[in-house]
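Per numbering that gives the first Met the number 0, the very first residue in the sequence shown carries number 0; after that it's consecutive.
Even for Gly, the Cβ is constructed at its ideal location relative to N, Cα and C.
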Amino acid sequence: MHRIIYLFLIGLISCQNEIARTEKYVLYKMYDNEKTYILKIKGEKRRYSVSKELNIDILSLENFSEFMSDKNKVYRKYDIDNETVLLELEEVDVLSFEVYPNSVYCRDSKHVFDSRNGMIATADVSTFELLKSNDKGVTAKDKYNYYFWNQIVKDTSGFAILFRKM
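Encoded structure:
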């Protein structure tokens with residue numbers, strides 16, 4: 000009997016902190032912080048910390064590997080300890096936004112971005128491509144450079160030979 004009452008109270012507390020819910024997402028207000036929300040995605044154990052100031056729209060929210068987007072903004076996932084923080088990806092055109100599959104990279108019509116650092120100012124968006132490797136899509140190239148995340152690296156390791164175009 001005590002267990003049923005305890006579970007009922009836990010459920011009641013959770014409902015009081017729920018801000019919004021869709022089929023895929025639930026947004027909660029943190030108990031001790033009025034400026035941070037918690038986003039839970041159905042089927043994922045990971046929880047996302049979201050600043051209230053982002054005004055995230057969970058009705059139009061889409062989840063991509065290292066990014067999320069809603070009708071107004073694109074967000075990058077940034078892992079800190081046991082938590083993932085959603086940060087706004089600045090200077091991205093939401094209408095032309097697309098993700099490079101199985102990688103840390105995305106692009107819009109003018110820029111390439113990575114989920115850890117944001118815009119890669121040196122990347123040529125028209126020739127940027129992933130390199131096939133054993134990593135999670137952190138190596139890429141354009142007509143000018145090879146990249147490891149946002150860092151320009153020399154092809155001294157033989158990227159061009161070791162990794163074939165995806």
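Run the CB neighbour count on residue i, radius 10 Å, all protein chains shown included, and call it buried at 16 or more, exposed below.
i, result
"G42", "exposed"
"A120", "exposed"
"D113", "buried"
"E89", "exposed"
"N16", "exposed"
Less than 8 Å between C-beta atoms, sequence neighbours within five positions excluded: which residues of the same chain meet that for residue i?
i, result
"K135", "N101, S102 and V103"
"L53", "K72, Y74, L85 and E87"
"D56", "D69, K70 and N71"
Might you give, ordered along the chain, the residues of its own chain that have their beta carbon closer than 6 Å to the beta carbon of residue i, omitting 5 neighbours on each side?
i, result
"D107", "V91, D92, S95 and F96"
Per DSSP, which one or two residues make a beta bridge with residue i?
i, result
"L38", "L26 and Y47"
"T126", "Per DSSP, none; premise fails for T126."
"F66", "R75"
Could you spell out where the beta strand (DSSP E) holding residue i opens and where it closes?
i, result
"T83", "E82 to E87"
"Y166", "Residue coverage of the chain in this structure runs from 0 to 165, which leaves residue 166 outside it and unanswerable."
"Y104", "Y104 to R106"
"A19", "E17 to R20"
Subject >> Segment contact, 8 Å Cβ cut-off, at least three pairs: the region 42-54 with the region 74-89 >> reply: Using a Cβ-Cβ distance cut-off of 8 Å, the region 42-54 and the region 74-89 are in contact, since at least three pairs of beta carbons, one from each stretch, lie closer than that value.
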